[in-house]
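Protein chains in written order, with the working numbering: chain L, -5 to 135; chain E, -5 to 135; chain U, -5 to 135; chain A, -5 to 135.
Below you'll find the structure, written out as structure tokens, and then a few comments.
4 protein chains.
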Amino acid sequence: MTPKPLIRKANYYETDQMGIIHHSNYIRWFEEARVDFMEQAGFGYEKAVQAGLDIALVGLSCEYRSMVRFGDTVEIKVYITELKNARMSVSYEIKDVKTGDLRTTGETKHCFFDSKKKRPVPLKKVLPELYELFESMKNKD
Amino acid sequence: MTPKPLIRKANYYETDQMGIIHHSNYIRWFEEARVDFMEQAGFGYEKAVQAGLDIALVGLSCEYRSMVRFGDTVEIKVYITELKNARMSVSYEIKDVKTGDLRTTGETKHCFFDSKKKRPVPLKKVLPELYELFESMKNKD
Amino acid sequence: MTPKPLIRKANYYETDQMGIIHHSNYIRWFEEARVDFMEQAGFGYEKAVQAGLDIALVGLSCEYRSMVRFGDTVEIKVYITELKNARMSVSYEIKDVKTGDLRTTGETKHCFFDSKKKRPVPLKKVLPELYELFESMKNKD
Amino acid sequence: MTPKPLIRKANYYETDQMGIIHHSNYIRWFEEARVDFMEQAGFGYEKAVQAGLDIALVGLSCEYRSMVRFGDTVEIKVYITELKNARMSVSYEIKDVKTGDLRTTGETKHCFFDSKKKRPVPLKKVLPELYELFESMKNKD
């Protein structure tokens, strides 16, 4: 299953005085795209919560290639790049929809947590269905 | 008891492409000043939470007189302007520290809520100590 | 011409520790809806900029009726409620798409500015085309 | 010259529905600390702007070790960890002031830009004074 990229417009309130989207906002866009990705995969946030699972963010990185400006429309692609017992890496690619220019790439690292016991859990064991889903969505390139 | 105004610098990430602080941020500054005001009054957020009290925000208004820019230092004065059984109005005045120029004024309206029962409660009855404190801090002008 | 309301999902990063969308974000949603409204009207931000016009925000108010939560989809209706020579008032209504429940109402007040001379200008005189457009979109209720 | 860490309180509006500071905000705190660091060094943002210099952000990373909550006070240490002709790396360490616990570490990568010509410039050549300053502040560990 390959989810569609998230299409999104850059908002005025996301600009800074350089006339570009402030770098902190891309981190939020990654989250938007991740949430959308999970929903498309049929395993939205609520479902994870109900299952007692936290997909905690433990690290991230971002490279700024070129700038997004107010009014630009971008597409955000999400890839699962690594899937281990208790953790996962997700990559992102933000491109301008009109020009196709690459704007930003990034990665977030996540840990699977039991939301009650507050400790890492092996996803394969606690939610094999989600593990299989992630496995099937892993980037093959 | 008259709390001191909150002194605060305008951050780069709070600017927009007009080169000024985006208007939504003042709403956040009001909150910062309100939290600080409560703490100075000896009744911080945690204390309200422990007492099972929510001070829910039900409305706000803001007038923009002149602009704050990145690097400016402002002072934010907080006044309790109305205190009723189950609600309260709080006013704000943001001035530039260097020039004394008025930047923004605003008001937030709050409702006292029982955080468990999820319904309005008369503050005077459930937390008379806090009611008296607010009463003593009410703006006399 | 009656623009369509903006449909929008509430983002995770817009929540606060009460588990609801933080009140400051609705102010940003108003802006998103206003920008969208102008675009639908065929007079987007860039066009105003090119014409040397600033539609400065000079005041706002917001009433919080019920709460939006992460994952909720809302629709935001925009109305021009007042149109004067050098200023305009715009009203907003945010409803939950699923239930139709009213979440938030608000108003923003704007001033027409010559972006070079940095002073108020009569819209009717400097951009009669936009004035007529706004006039035709004014809420008749 | 060794600048003092920035001391900062976590704001309510920076929390998310997990009851912790949303991860995107640390990126903004890094910026606050960087701005403060430059000011303490006697070379604030305005001075760089006047000299026609942009210190563009081209990449960042962040590791989340433990969580900051509303009301916590943190200290943010800033180190210059790499200084090349046209670029620089800056590291950050966020600790809880009360407990000393490490909360977050991160790094930002920057490029020196001529703000008019919009292209990378060797800092040593265009602003030797700032280059020397950065050199003297470079982390020796």
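C-beta atoms are modelled at their ideal positions from N, C-alpha and C, and glycine is treated no differently.
Find out if the Cβ-Cβ distance for the pair residue i, residue j is shorter than 9 Å.
i, j, result
"residue 108/L", "residue 7/E", "no"
"residue 13/U", "residue 63/U", "yes"
"residue 0/A", "residue 17/L", "no"
"residue 101/A", "residue 83/A", "yes"
"residue 66/L", "residue 119/L", "no"
"residue 127/L", "residue 47/L", "no"
"residue 50/L", "residue 106/L", "yes"
Where does residue i land, buried or exposed, given buried means 16+ other C-beta within 10 angstroms?
i, result
"residue 25/A", "buried"
"residue -5/E", "exposed"
"residue 113/A", "exposed"
"residue 93/E", "exposed"
"residue 132/A", "exposed"
"residue 43/U", "exposed"
"residue 96/L", "exposed"
Measuring alpha carbon to alpha carbon, tell me which residue in the options is nearest residue i.
i, options, result
"residue 79/L", "39/L, 130/L and 116/L", "116/L"
"residue 68/E", "133/E, 49/E, 5/E and 132/E", "5/E"
"residue -3/E", "65/E, 70/E and 21/E", "70/E"
"residue 75/L", "130/L, 21/L and 123/L", "130/L"
"residue 61/U", "122/U, 126/U and 20/U", "20/U"
"residue 99/A", "34/A, 15/A and 59/A", "59/A"
"residue 122/U", "40/U, 22/U and 45/U", "45/U"
Assuming residue i and residue j make a contact with CB atoms under 8 Å, what is their CB distance in whole Å?
i, j, result
"residue 86/A", "residue 27/A", "6 Å"
"residue 52/L", "residue 103/L", "5 Å"
So does residue i have its beta carbon nearer than 8 Å to some heavy atom of the ligand FMN?
i, result
"residue 75/L", "Ligands are entirely absent from the displayed structure, and the ligand FMN is therefore not among its contents."
With 8 Å as the C-beta to C-beta threshold (strictly closer), list the residues of the region -5 to 27 of chain E near chain A in chain order.
-> 5, 6, 7, 22, 25 and 26
With 7 Å as the limit, tell me which residues of the region 62 to 82 of chain E have their beta carbon closer than that to any beta carbon of chain L; keep them in chain order.
-> Across the region 62 to 82 of chain E, CB contacts with chain L closer than 7 Å involve 64, in sequence order along the chain.
Interface residues of the region 45 to 57 of chain A facing chain D [CB-CB below 9 Å] = No chain D is present in this structure, whose protein chains are L, E, U and A.
Determine which residues of the region 26 to 40 of chain U have a Cβ less than 8 Å from any Cβ of chain L, and write them out in chain order.
-> Hits within the stretch, in order: 26, 29, 38, 39 and 40.
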